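Going letter by letter, the sequence shown gives residues -20 to -1, 1 to 442 in mature numbering (1 follows the signal peptide of the UniProt record, and there is no 0). Working notes, structure below.
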Amino acid sequence: MFQKVTLSAGLALLAGAALAADFPEELVERGRYVATASDCVACHTGSEDKPFGGNHVIASPVGDIVATNITPSVDYGIGSYTEAQFSDAVRRGVRADGANLYPAMPYTAFARITDEDIHALYAYFMQGVEPIDAPSAETRLPFPFNVRASMIGWNLMFRDTSVHEDEPGKSAEWNRGAYLVEGPAHCSTCHTPRGVLMQEKASQHLAGAQVGAWYAPNITSDPQDGIGAWSKNEIVAYLATGRAEGRAQAGGSMAEAVSHSFSKLGEDDLAAMATYLADVPAVAGTERFGRGQAGNMTAGFRGLDAAPSGLAAGAQVYSANCASCHGINGQGTKDQYYPSLYHNSATAGASTVNFIAAVLNGVDRETADGHVFMPPFGEQVNAFNALSDDEIASLSNYVFAQYGAADHEVSAADVAQIRAGGPTSDLLAWVHAALVAAMILAGILLVAGVMILRRRRAARTS
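Laid out in structure tokens, this is it:
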């Protein structure tokens, strides 16, 4: 009997393996393309030699979230998932064991992925990805965020499970762009600000938001703060290369998205995304492209014996660390490989975050146009020169005053916050305060209860 059971189990496993290996190559390649558009590799790869093997740490306002192994490993990945379970994880945020995922996994956007593309994705991950038989670390968030069941209520309030449908009256290109931007590419996950409960604010869709140590800017059609003044070719060039001359350069997570995802998409799809983005309702902000002009303050500090202060201190830091690439006047190189610091979204926008983050963390992106690298000036091993918080604050104030939004003022505390990974959520502080208040209240009630019991006992004995 035991031999029959073992044989049956073995045949079942073989049948499952045969099914997983029976997808046509064309379907697998389509799934590879959808996975590329979805940038799965960026979050689920902690080590380049283990693609999709998990262990990449995602800094969130409520704590670090560790991306899991999504290779077809049966023991450590998703190799035992049925297609229905795979779809639930991707589009509903529910694992095969019934546990809820955190929305760091952008299932709120992936809900729009079509059944056909989910089928192709499943085929790719089961047949086109090498299994990695190694576990990924557990996510350990502070209480009460470590209670995954709490996501059930969050999903009831904020999750939209509707699959993408083409909008009548719009062109095929517009609808394709809408599908990519709102679905696989999950642009709103980073570019839409979030509310108190970490939900996306629908009224400020794609209007810009803080993401860890970086700021994902406004990408609505607003001509000042958004990309409404960009040409279609400029948007396509930015997605393909991470650079739109005289406009912006990609760094941080956007540089990763360009390197791993957008630069590998077809030109037709990039054009479709550009068409849709140009039509996204505008959310107004401040000018972030047209400010600043060439200039320098070298004469303000050279030859001085005393330590410089104010803008002169920033000019000194700039001359020693930045001028060799960006020019003494901040004009960059002629081909803009090293971009100008004026007419630049990092220096002219309403937020100081991306300039500080670029100085601290550098920029590293690779596309068909080549490898773009700016060394970090933080505490990394490959830092060109480890600058202090005060030095980066002085540099920032000099650059903003000279080339961009002159009203910005950066403090050492601002730099320290970005160095630490960005601001935390107010929700975390409120929850902690509520827990402390609840503990105090429980203590008061306990003491009151003990006193009441003692009085009752005393009354009985008397």
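The C-beta atom is built at its ideal place from N, Cα and C for all residues, glycine as well. Note that the structure is a prediction, hence the values are computed from the model and not measured.
*Thinking C-alpha only, which one of S325, R12, D140 is nearest G108?*
In the sequence shown, residue 108 corresponds to position 128, counting from 1. Checked all of S325, R12, D140; the closest Cα to G108 is R12.
*Answer with buried or exposed for S116, where buried requires no fewer than 16 other C-beta atoms within 10 angstroms of its C-beta.*
As a working mapping, residue 116 is identified with position 136 in the sequence shown. Buried, because 16 or more other Cβ atoms sit within 10 Å of the Cβ of S116.
*asked:* Tell me whether the region 163 to 173 and the region 9 to 28 touch, counting them as touching only if at least three CB pairs, one residue from each stretch, are closer than 8 Å.
replied: yes
*Cβ contact check for the region 309 to 323 and the region 186 to 206: 3 or more pairs under 8 Å*: no
*asked:* Using a Cβ distance threshold of 8 Å, determine whether the region 236 to 243 contacts the region 339 to 351, with at least three qualifying pairs required.
replied: yes
*asked:* According to DSSP, is A79 part of a helix, a strand, or is it coil?
replied: Residue mapping note: residue 79 aligns to position 99 of the sequence shown, counting from 1. Here A79 sits in coil by DSSP.
*Report the option in N80, P4, I50, P148 whose CA atom is closest to the CA atom of N135.*
Position 155 of the sequence shown, counting from 1, holds the residue named residue 135. Looking at the Cα atoms, N80 is the closest of the given residues.
*Neighbour-count burial assignment, L426, 16 or more Cβ in a 10 Å radius*: For this step, residue 426 is matched to residue 446 along the sequence shown. It is exposed - the Cβ of L426 has fewer than 16 other Cβ atoms within 10 Å.
*Which residues does DSSP pair with A45 in a beta bridge?*
Here residue 45 corresponds to residue number 65 of the sequence shown, with the count starting at 1. One detail in the question is off: residue 45 reads as Ile in this sequence, not Ala. Its beta-bridge partners are I38.
*In the DSSP assignment, find the unbroken alpha helix (DSSP H) run with E5 in it and report its ends.*
Working through the sequence shown from its first residue, we reach residue 5 at position 25. That run of the alpha helix (DSSP H) goes 5 to 17.
_Range covered by the alpha helix (DSSP H) that runs through Q397_ = Locating residue 397 in the sequence shown gives position 417, counting from the first residue. First-last of the alpha helix (DSSP H) with Q397: 392 to 399.
*Beta carbon of A69 nearer than 7 Å to that of V8*: Translated into positions along the sequence shown, residue 69 becomes position 89. Translated into positions along the sequence shown, residue 8 becomes position 28. No, the Cβ-Cβ distance between A69 and V8 is not below 7 Å.
*Which residue from R139, G133, A158, M137 puts its Cα closest to that of E145?*
Locating residue 145 in the sequence shown gives position 165, counting from the first residue. Of the listed residues, the one whose Cα sits closest to E145 is A158.
*asked:* Output needed for S60: all residues of its chain with C-beta closer than 6 Å, excluding positions within five of it in sequence on either side, in chain order.
replied: What you label residue 60 is simply residue 80 of the sequence shown in a count that begins at 1. Counting only Cβ-Cβ distances below 6 Å, and skipping sequence neighbours, we find V54.
_So, at 7 Å on beta carbons, what are the nonlocal neighbours of S391 in its own chain, with the 5 sequence-adjacent residues on each side left out?_
Against the sequence shown, residue 391 aligns to sequence position 411. Same-chain partners within the cutoff: A373.
*asked:* Spatial neighbours of E63 within its chain, please: C-beta separation below 8 Å, excluding the five flanking residues on both sides.
replied: The count along the sequence shown starts at 1 and reaches residue 63 at position 83. Only I98, H99, Y102 meet the Cβ criterion.
_Can you give me the C-alpha to C-alpha distance between F281 and A295, rounded to a whole angstrom?_
As a first step, residue 281 is located in the sequence shown; it is residue number 301 there, counting from the start. As a first step, residue 295 is located in the sequence shown; it is residue number 315 there, counting from the start. Because the pLDDT of F281 is 47, which lies under 50, any placement of that residue in the model is unreliable, and the question is left without a value.
*Grab me the residues of G179's own chain with a C-beta within less than 6 Å of its C-beta, minus the 5 sequence neighbours each way, in chain order.*
Start at 1 with the first residue of the sequence shown, and residue 179 comes out as number 199. For clarity, residue 179 is Gln in the given sequence; the question names Gly instead. Here the set comprises F138.
_Cβ-Cβ distance between A328 and A264 below 7 Å_ = Indexing the sequence shown from 1 puts residue 328 at position 348. Indexing the sequence shown from 1 puts residue 264 at position 284. Not in contact: A328 and A264 (Cβ atoms no closer than 7 Å).
*To the nearest angstrom, how far is it from the Cα of N340 to the Cα of P356?*
Numbered from 1 along the sequence shown, position 360 holds the residue referred to as residue 340. Numbered from 1 along the sequence shown, position 376 holds the residue referred to as residue 356. Reading off the sequence, residue 340 comes out as Leu, not Asn. Cα to Cα, L340 sits roughly 5 Å from P356.
_Nearest to G34 (by Cα), restricted to the options I432, D394, Q397, D113_ = By one-based count along the sequence shown, residue 34 stands at place 54. Answer by Cα proximity: D113.
_Simplified DSSP state of Y383, which is helix, strand or coil_ = Position 403 of the sequence shown, counted from the start, is the residue given in the question as residue 383. Helix at Y383.
*From A91, E147, R120, S183, pick the residue whose C-alpha is nearest to that of D140; which is it?*
Within the sequence shown, residue 140 is the residue found at index 160, counting from 1. Of the listed residues, the one whose Cα sits closest to D140 is A91.
*Distance, C302 Cα to E118 Cα*: Stepping through the sequence shown from its first residue, residue 118 is reached at position 138. Stepping through the sequence shown from its first residue, residue 302 is reached at position 322. If you take the alpha carbons of E118 and C302, they lie about 40 Å apart.
*Quick one: complete beta strand (DSSP E) runs, 3+ long, within the region 342 to 375?*
343 to 347, 350 to 354
*Quick one: is E371 buried, meaning 16 or more other Cβ sit within 10 Å of its Cβ, or exposed?*
Walking along the sequence shown from the start, residue 371 turns up at place 391. Buried, by the Cβ-count rule.
*Flag this pair as yes or no: are the beta carbons of F32 and I50 separated by less than 7 Å?*
Here residue 32 corresponds to residue number 52 of the sequence shown, with the count starting at 1. Here residue 50 corresponds to residue number 70 of the sequence shown, with the count starting at 1. For F32 and I50, yes; Cβs fall inside 7 Å.
*Where does R435 fall in DSSP's three states?*
Position 455 of the sequence shown, counted from the start, is the residue given in the question as residue 435. Three-state DSSP puts R435 in a helix.
*Please go through the region 114 to 170 and give each complete alpha helix (DSSP H) segment of 4 or more residues, from N-terminal end onward.*
130 to 138, 152 to 162
_To the nearest angstrom, how far is the alpha carbon of V395 from that of I336?_
For the purposes of this step, residue 395 is identified with residue 415 of the sequence shown, where counting begins at 1. For the purposes of this step, residue 336 is identified with residue 356 of the sequence shown, where counting begins at 1. Their backbone Cα atoms lie some 7 Å apart in a straight line.
*If I'm right that A89 touches T169 with Cβ under 8 Å, what's the distance once you round it to whole angstroms?*
Numbered from its first residue, the sequence shown carries residue 89 at position 109. Numbered from its first residue, the sequence shown carries residue 169 at position 189. Contact holds; Cβ gap of about 6 Å.
*With burial defined as no fewer than 16 other Cβ atoms inside 10 Å of the residue's Cβ, what is the status of F123: buried or exposed?*
Within the sequence shown, the letter at position 143 stands for residue 123. With fewer than 16 other Cβ atoms within 10 Å, it is exposed.
_Quick check: G401 and A193, are their CB atoms within less than 7 Å of each other?_
On the sequence shown, residue 401 is found 421 positions in, with the first residue counted as 1. On the sequence shown, residue 193 is found 213 positions in, with the first residue counted as 1. A contact, by the Cβ cut-off of 7 Å.
*Run through DSSP, which three-state label would Y195 get?*
Numbered from its first residue, the sequence shown carries residue 195 at position 215. Strand.
*Who are the near neighbours of H306 in its chain, counting only those whose CB is closer than 7 Å to its CB and skipping five residues on each side?*
As a working mapping, residue 306 is identified with position 326 in the sequence shown. G312, Y318, L321, listed in sequence order.
*Find out if the Cβ-Cβ distance for the pair L291, Y378 is shorter than 7 Å.*
By one-based count along the sequence shown, residue 291 stands at place 311. By one-based count along the sequence shown, residue 378 stands at place 398. Yes.
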